[in-house]
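Heads up: the sequence shown at position 23 corresponds to 23 in the UniProt record's numbering, and the numbers run straight through without jumps.
For every residue, glycine included, the Cβ atom is placed at its ideal position computed from N, Cα and C.
Nothing here was measured: the structure is a model prediction, and the numbers come from that model.
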Amino acid sequence: MPSEETADIICNIKTGLTRHITKIKQIKIYAATKQTLKGIPMKVFEEIEDVKEIRKKTGLNQIDFWGKVGVTQSGGSRYETGRKMPKPVRELLRLVHIERIELSKVNKKDLEIAALLKKHNPELYAELSKQTKSERKK
């Protein structure tokens with residue numbers, strides 16, 4: 001039986017869940033591999049073979065594509081022509097353009113809520129996880 005404090009935490013999580021479902025979907029990055037951006041699978045910290053192909057699939061020009069991850073157009077152009085991409089840039093690219101996470105909408109509080117939900121109510125977390133997968137398929 002959960003303690004009163006744990007029950008309160010679970011109740012608070014459920015109460016605020018409606019407005020956080022979208023953000024929970026965005027921070028669901030626990031799986032090692034995901035099918036995203038038109039079927040491009042990508043693991044965490046995996047090398048990106050053809051970043052230009054990814055950019056073209058997004059339909060963005062270099063300024064807009066690279067600007068979303070804090071890279072200048074000229075820097076992005078160098079990555080597209082073979083320069084090795086640092087891991088932080090690669091991970092930002094994966095999160096923003098492959099996983100389609102809007103970084104401006106992710107915050108520490110939402111990550112903490114997701115962690116608490118997973119810890120204190122794994123059944124609800126699993127159900128929401130299934131729902132996010134079915135939403136992505138639509």
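State the Cα-Cα distance for the pair residue i and residue j, rounded to the nearest angstrom.
i      : j      : result
Glu47  : Arg90  : 8 angstroms
Pro88  : Tyr125 : 28 angstroms
Gln73  : His97  : 16 angstroms
Leu93  : Ile63  : 14 angstroms
Val69  : Met85  : 12 angstroms
Glu123 : Asn107 : 24 angstroms
Arg83  : Leu117 : 41 angstroms
Glu99  : Thr58  : 12 angstroms
Here's the rule: buried if 16 or more other CB atoms are within 10 angstroms of the residue's CB, otherwise exposed. What is residue i?
i      : result
Glu112 : exposed
Glu80  : buried
Leu103 : exposed
Arg55  : buried
Asn121 : buried
Ala114 : buried
For residue i, does the three-state DSSP call read helix, strand or coil?
i           : result
Ile101      : coil
residue 143 : Residue coverage of the chain in this structure runs from 1 to 138, which leaves residue 143 outside it and unanswerable.
Ser134      : helix
Thr58       : helix
Ser3        : coil
Asp64       : helix
Arg78       : helix
Could you pull the start and end residues of the alpha helix (DSSP H) that residue i belongs to?
i      : result
Gly70  : Looking at the DSSP string, Gly70 is not in any alpha helix (DSSP H), and its letter there is neither H nor E.
Leu95  : Unbroken run through Leu95: none, as it is neither H nor E.
Asp110 : 108 to 120
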